[in-house]
């Protein structure tokens, strides 16, 4: 039986818990965390938690101001509220870092999902590995896109997307990955993290905002006419700022430098001029890469490899040396089999029945040269001269 005393006690206990989004409730949810918080991080987390009428927010603090910590605070609060279906989508290289930060700093149980883990759980009888109310789920962008149907079936309490500027072109038909992820998370509460919400065009802001709420600015054509092509720039900026204020928070380094002792870094520009030998090497490699035919490079990847070679060449001669050695190894792999591949060309004058067109012969030669060879076939470095002669013959014969 409930007495007036018990009623008063329970009412007082509820008062002490604090309202959702209050600093008191937030303090309890992160009381055991191992992280030194800064005021702007607490403000950003409260901004995200106090936005119940929106489908999410964008935290766009400048690089190095702790957006991961801000997201950890929000996740901890949701976890304390028993809202534990939480998905974290990050670049593949950051999955382990996020797992380590959430587990060691906030003591939150996590699971990194990839194809191997997903299939292993499926073999154990788990119908949908993403539906995990006892652990946070962390996955990469590409895995989230590949498993969009499974993600869409989970009633998420929170979806955190790191490096969210990758979704800035979600409104474009060509951006299939971004569209699949946005459709998969649907109307779930979202927390987008990015230090560069705007890079080249206002349409990028439209893309990020549409991930939060696709009705905030209407369609892309309306946004472009109203904001991108606006004649009154001052009025445009004021209107845009007012619309973004409920869903976007950004802190700059200069705003908090007074109470956070950042290391002062002084940039120095240093000019490096190539020596005569380096310039000669650059010209020689450029001439080589501009040849009409290059047997040393696979035809299907020639453009990509050319770009890589030029980047390495711009870095240093040491950076390009190993790559040139590997190309030389491919050419050195020419053995007595190569003349056999080229023999039909030599026999065409004699009307040999085994004659093959030039492009067939060159395709065979290129395939042979690009195949990995055993170490024994690569020991004799004198073969390089023969390889170069064969390349010239294939190109000009």
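Residue numbers (our numbering): 2 to 398. Virtual Cβ for every residue (Gly too), placed ideally from N, Cα, C. Treat the numbers as computed from the prediction; the structure is a model and nothing was measured.
### Message
Taking only three categories from DSSP, how would you classify residue 276?
### Response
In this structure, residue 276 counts as coil in the three-state DSSP scheme.
Next item on the list: Have a look at residue 63 and residue 197 and give me their C-alpha separation to the nearest angstrom.
Entry: Looking at the two C-alpha atoms, the distance is approximately 8 Å.
- Can you tell which of 214, 44 and 233 has its C-alpha closest to the C-alpha of residue 66? Comparing Cα positions, the closest option is 44.
* Proximity below 9 Å, CB of residue 306 to CB of residue 298 -> Yes, the Cβ-Cβ distance between residue 306 and residue 298 is below 9 Å.
Q. Can you tell me whether residue 4 is buried or exposed, with buried defined as 16 or more other CB within 10 angstroms of its CB?
A. With a threshold of 16 other beta carbon atoms within 10 Å, residue 4 falls short and is exposed.
Notebook entry, point to check: When the cut-off is 9 Å and only beta carbons count, does residue 326 lie next to chain D?
Noted result: The chain labelled as chain D is not found in the depicted structure, where only one protein chain is given.
Q) When DSSP labels each residue in this structure, what does residue 194 get in the three-state scheme? A) In this structure, residue 194 counts as strand in the three-state DSSP scheme.
- Can you pull the DSSP bridge partners for residue 250? For residue 250, DSSP records a beta bridge to 60.
Legend entry - Stretch pair the segment 139-148 + the segment 65-80: three plus CB contacts closer than 8 Å: Not touching, per the Cβ criterion.
Report task. Check whether the segment 241-253 touches the segment 192-211, taking contact to mean three or more Cβ pairs, one atom from each stretch, closer than 8 Å. Result -> In the pairwise beta carbon analysis, the segment 241-253 is classified as touching the segment 192-211: at least three pairs are separated by under 8 Å.
- residue 237, enclosing alpha helix (DSSP H) - first and last residue: 234-245 is the span of the alpha helix (DSSP H), which, as asked, contains residue 237.
ask   = Do residue 171 and residue 212 come within 9 Å of each other at the CB atom, strictly closer than that value?
value = Yes, they are a contact pair.
- Item | Proximity to residue 88 [Cα-Cα], best of 310, 176 and 99 | Between residue 88 and the set 310, 176 and 99, the nearest pair of CA atoms involves 99.
- Task: To the nearest angstrom, report how far apart residue 50 and residue 194 are at their CA atoms.
- Result: Their backbone Cα atoms lie some 14 Å apart in a straight line.
Taking only three categories from DSSP, how would you classify residue 351? Any reading at residue 351 is ruled out, since the residue's pLDDT is 48, under 50, leaving its predicted position unreliable.
### Query
Which residues in the same chain as residue 102 place their Cβ atom closer than 7 Å to its Cβ, once the five residues preceding and following it in sequence are excluded?
The residues are 69 and 73.
message = Between which two residues does the beta strand (DSSP E) holding residue 141 run?
response = Start and end: 137-141.
**Prompt:** Straight-line CA distance for residue 280 to residue 300?
**Reply:** If you take the alpha carbons of residue 280 and residue 300, they lie about 27 Å apart.
> Within 10 angstroms of its Cβ, does residue 267 collect 16 or more other Cβ (buried), or is it exposed?
Replying inline: With fewer than 16 other Cβ atoms from the protein chains shown falling within 10 Å of its own Cβ, residue 267 counts as exposed.
In chain order, each alpha helix (DSSP H) run of at least 4 residues that lies wholly inside the segment 251-334:
Segments of the alpha helix (DSSP H) lying fully in the segment 251-334: 254-257, 277-290, 303-316 and 318-333.
Next on the checklist: Out of 235, 97, 108 and 92, which one is the CA nearest neighbour of residue 78?
Outcome noted: The residue with the shortest Cα to Cα distance from residue 78 is 108.
| message | Can you give me the C-alpha to C-alpha distance between residue 52 and residue 59, rounded to a whole angstrom? | response | Whole-angstrom Cα-Cα distance: 11 Å.
- Is residue 114 helix, strand or coil by DSSP? DSSP places residue 114 in coil when its eight states are reduced to three.
Discussion item. If you measure between the beta carbons of residue 161 and residue 192, is that distance less than 9 Å?
Written reply: Taking 9 Å as the Cβ cut-off, residue 161 and residue 192 qualify as a contacting pair.
Within 10 angstroms of its Cβ, does residue 121 collect 16 or more other Cβ (buried), or is it exposed?
Per the 10 Å Cβ criterion, exposed.
Does DSSP classify residue 206 as helix, strand or coil? In the structure shown, residue 206 sits in a helix (DSSP, three-state: H, G or I).
Practice task
Determine the extent of the beta strand (DSSP E) in which residue 160 is found, giving its start and end residues.
Solution key: Boundaries of the beta strand (DSSP E) around residue 160: 159-162.
Do the segment 131-141 and the segment 165-179 touch if we need at least three Cβ pairs shorter than 8 Å? Taking a cut-off of 8 Å on C-beta distances, the segment 131-141 does not touch the segment 165-179, as fewer than three cross pairs fall below it.
Q) In terms of DSSP beta bridges, what is residue 399 paired with? A) As shown, the chain starts at 2 and ends at 398. That puts residue 399 outside it, with no answer to give.
Within a Cβ cutoff of 6 Å, which residues of the same chain sit near residue 217, ignoring the five residues on either side of it in sequence?
Cβ neighbours of residue 217 beyond the five flanking positions: 210.
Checklist entry - Roughly how many angstroms lie between the CA atoms of residue 265 and residue 42, to the nearest whole one? => result Roughly 21 Å between the two C-alpha positions.
- Query: Secondary structure at residue 88, three-state DSSP: helix, strand or coil?
  - Reply: DSSP, reduced to helix, strand and coil, places residue 88 within a strand of the structure shown.
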